[in-house]
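Report on the following structure.
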C-alpha cells in the first residue's frame with residue numbers, strides 16, 4: 042500500500058474561521074469532500090488561537106516555521122511549540138508522515154480564490170500548475186522577501202496555501218466555505234490523478250511574482266497617516282501604473298503610485314498586515330515552463 | 042456662557058478602528074469636522090483594546106455601563122474600571138460634564154449608515170428625529186432585551202450610537218471614515234441648531250424596533266451547525282417572511298424563517314455577535330410621533 046499522505050491544515054490563523062468550520066463539518070459529513078481515495082490528515086493549525094478568534098497567541102504561526110526558531114531551545118512561544126508539535130506529528134519525518142501540505146487561509150482583501158507558493162520548488166510549481174490548469178485561479182509566488190519568512194508549507198517537501206477572500210476576520214460566510222471546499226476538492230482530485238498516473242500537466246503556469254510591499258504613509262510616531270484610496274480598495278490583481286491613486290490623506294491629498302511599469306497589487310488592505318507594515322504587496326506577472334524534472338520531483342512524492 | 046458640552050466616543054470597541062482614526066486626524070486637522078461652535082469632548086473609549094485591535098480586554102465596554110457593575114466595588118474588570126473613569130471624567134456629573142454622548146461604531150454587517158438608540162427616552166427620540174429628517178438614515182430602536190444591557194450612551198441624559206458598515210474588524214477603509222464623518226458632522230449641525238433655537242423638528246420619526254435575536258443553529262456542544270444562507274447575507278433592513286432561507290447546513294439543508302409577519306433583520310452576521318449567540322436581530326418598523334415634551338426635554342439639555 043502507498044504510504045503517501047496529504048496534510049490539510051485549517052485555522053493556522055485563529056481568526057480565519059471558515060476553513061476550520063469546513064474541516065469540522067467534513068469530519069461529520071464525509072461526503073462534503075471527495076478525496077478520491079487519498080489518505081488525508083486534517084488538522085487545526087492553532088486551536089488555542091481559534092478558540093479566542095485571534096490570529097495568534099504569541100506570534101504568527103505562519104511565520105514560525107524557520108529553523109532559527111524551530112532549532113532554538115530557548116524559543117518557547119506558543120506558536121513555536123505548536124510548529125514543532127505539528128512537525129513531530131505530521132512532518133515528513135513525523136509520527137504520521139505527510140509529503141504534501143495544503144494550508145487553508147482567508148483574507149479581508151478581495152483576492153477571490155487564489156493560491157500562494159513560497160519560492161520556486163519544482164514539485165510545488167508542478168502541482169499548482171495542475172490546479173491552475175483546472176480552475177484558472179491566480180498564483181502568488183512569494184519569494185525573496187527577507188522580512189517575511191517561516192511559512193508553514195515550507196517545512197513540507199511540497200505544499201501551498203489556498204487563500205480566499207474577501208471575508209472579515211472571525212466571520213463565517215457560506216460563499217467562503219464553498220470556495221475553500223471547491224479548491225480543496227480540485228486539489229484532491231489532481232493529486233489523486235498524479236498518484237494513479239493520469240495527471241495531464243500543462244506546459245506552463247502563470248504566477249504573480251512578489252516584488253515587495255508598500256506600507257501606509259506613517260508619521261514620526263509610526264501612526265498611519267492616510268487611508269487606502271477608495272479607488273484601489275478591492276482592486277487586487279488589477280495592474281497599477283504611475284499616477285494610480287494609492288492613499289488618501291485626511292486633508293484630501295492623494296498619494297499616487299510613483300513607480301514604473303505596471304505592477305499587480307495583491308493583499309490590498311489585509312487587516313492582519315497592518316502590524317506587518319504592509320498596505321499591499323506588488324507583483325509582476327511571469328510565465329514559468331513546467332520542466333520534466335518538476336513533474337518527476339512531484340511524482341516521486343506522490344507514490 | 043453655555044455649559045453645554047457634547048461627548049464623542051470612538052473606539053469603544055478596540056477593533057473598530059475607523060472612527061478612532063478620524064478622531065485622531067481631526068485633532069491635527071480641525072477643518073475635518075465643523076462643530077458650528079459647539080463644545081465637543083472627543084475621547085477614545087477603550088485605548089488599551091484599540092492598541093491590541095481587540096474588541097475588549099476583559100469584557101465588552103458597551104455592556105458595562107449598568108449599575109449592577111458600576112456600583113459593585115468587587116467588579117474590577119478593565120472595562121468596568123474604564124466605564125467608571127469615563128463617567129468620572131465626562132459623565133453628566135463628571136469633572137468635565139457632558140450632556141449628550143455620541144458613540145461611534147462600525148460593523149461587519151451591511152448596515153450602511155445607521156443610528157441606534159436604547160429605549161424611548163424623549164430627548165433621544167427628538168434628537169435622532171432631526172438627524173433622520175436631514176439624512177434619511179434608518180434608526181434601530183433597541184429595547185426590552187434583558188440579555189443585552191449596559192450600553193454606554195445610557196449613562197448620559199441623551200445619546201445615540203452611529204453604526205457604519207460593512208467593514209472588517211481592524212481594517213481602515215476610507216469610505217467608512219467618510220461616512221462616519223458625514224453623520225457626525227450632520228449631528229453637530231443639528232445640535233448647534235437646537236442650541237441657537239432654529240432646529241426644525243419633524244412631526245415623527247421611523248424606527249426599527251428590536252423584537253429579539255436569532256442564534257445560529259447549534260449542536261449539543263454549542264458549535265455552530267449552519268452558515269448564514271448566502272441569500273440573506275448582506276440583506277440588512279430588507280423584510281423577510283415565512284420561508285425566507287436563513288441558514289445553510291453543510292449537507293445542503295436550508296433552514297427557513299418560520300415566523301409570522303415581515304420582520305426586518307439587522308446586524309446580519311456581525312462578527313462580534315457570534316459570542317453573544319446572535320446571528321441577526323429582528324425588528325419591526327414603527328412610526329413615533331415627536332411630542333412637544335420630547336423637544337422640551339432635549340432643549341433643556343442643549344442650553
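Protein chains in written order, with this note's numbering: chain A, 42 to 344; chain B, 42 to 344.
Glycine included, C-beta positions come from ideal geometry on N, C-alpha and C.
Among the CB atoms of chain A, none fall inside 7 Å of the CB of residue 151 of chain B. In this structure, residue 303 of chain A and residue 282 of chain A form a Cβ contact; the two beta carbons are roughly 5 Å apart against a cut-off of 8 Å. Secondary structure note for residue 124 of chain B: its alpha helix (DSSP H) is the uninterrupted segment 119–131. In terms of Cα proximity to residue 205 of chain A, the closest of A:46, A:58, A:191, A:48 is A:58. Annotation note: the region 74–160 of chain A contains the following uninterrupted alpha helix (DSSP H) runs of length 4 or greater, listed N- to C-terminal: 88–92, 108–111, 119–131. Residue 137 of chain A has a beta carbon lying at 7 Å or more from every beta carbon in chain B. Proximity of chain A to residue 54 of chain B at the Cβ level (cut-off 7 Å) is not reached, the minimal Cβ distance being about 13 Å. The count of Cβ pairs closer than 8 Å, one atom from the region 321–339 of chain A and one from the region 102–115 of chain B, stays below three, leaving the stretches out of contact. Residues of the region 69–81 of chain A whose Cβ lies closer than 7 Å to any Cβ of chain B, in chain order: 70, 73.
Residue environment: residue 187 of chain A is assigned as exposed (fewer than 16 neighbouring CB atoms within 10 Å of its CB, all protein chains considered).
Contact of residue 280 of chain A with chain B is not assigned, every C-beta pair being separated by 7 Å or more. Chain B has no Cβ within less than 7 Å of the Cβ of residue 199 of chain A. Taking 7 Å as the CB threshold, residue 318 of chain A stays off the interface with chain B. Contacts with chain B (Cβ-Cβ distance below 9 Å) from the region 98–111 of chain A involve no residue at all. Contacts between residue 215 of chain A and chain B, judged by CB atoms closer than 8 Å, involve 268, 269, 270, 271, 274, 289 in chain order. Between the alpha carbons of residue 110 of chain B and residue 70 of chain A lies a distance of about 44 Å.
Beyond the five residues adjoining it in sequence on each side, residue 191 of chain A comes within less than 7 Å, by CB distance, of 104, 105, 106, 107, 110 in the same chain, given in chain order. Residue 234 of chain A does not reach chain B, its nearest Cβ partner there being about 26 Å away, counting only Cβ pairs nearer than 9 Å.
Listed in chain order, the non-local C-beta contacts of residue 194 of chain B below 7 Å within the same chain comprise 142, 144, 159, 200, 201, 202, local neighbours out to five positions each way being set aside.
Interface criterion not met: the Cβ of residue 89 of chain A is under 7 Å from no Cβ in chain B.
For residue 118 of chain A, no Cβ of chain B is located within less than 7 Å of the residue's own Cβ. For residue 335 of chain A, the enclosing alpha helix (DSSP H) starts and ends at 333–342. Under the three-state reduction of DSSP output, residue 212 of chain B falls in the coil class, being neither helix nor strand. For residue 173 of chain B, the enclosing alpha helix (DSSP H) covers residues 163–176. Per DSSP, reduced to three states, the secondary structure at residue 307 of chain A is strand. DSSP, reduced to helix, strand and coil, places residue 327 of chain A within a strand of the structure shown. Setting aside the 5 residues that flank it on each side, residue 75 of chain A is surrounded in the same chain by 226, 229, each with a C-beta closer than 7 Å to its C-beta; the list follows chain order.
Taking a contact as a CB-CB distance under 8 Å, the pair residue 288 of chain B and residue 296 of chain B counts as one, their CB atoms being some 4 Å apart.
The CB of residue 212 of chain A comes closer than 9 Å to the CB of 149, 209, 210, 310, 311, 312, 315 in chain B, given here in chain order. Ranking B:236, B:121, B:93 by CA distance to the CA of residue 100 of chain B puts B:121 first.
For residue 51 of chain B, the enclosing beta strand (DSSP E) covers residues 47–51. A contact is defined here as three or more CB-CB pairs under 8 Å, and the region 78–87 of chain B fails this definition with respect to the region 161–172 of chain B. Partner residues in the beta bridge of residue 259 of chain B, as assigned by DSSP, are B:265. A Cβ-Cβ contact shorter than 7 Å links residue 56 of chain B with residue 210 of chain B. Taking CB atoms only, residue 336 of chain A has no neighbour in chain B less than 7 Å away.
In this structure, the CA atom of residue 235 of chain A is about 22 Å from the CA atom of residue 182 of chain A.
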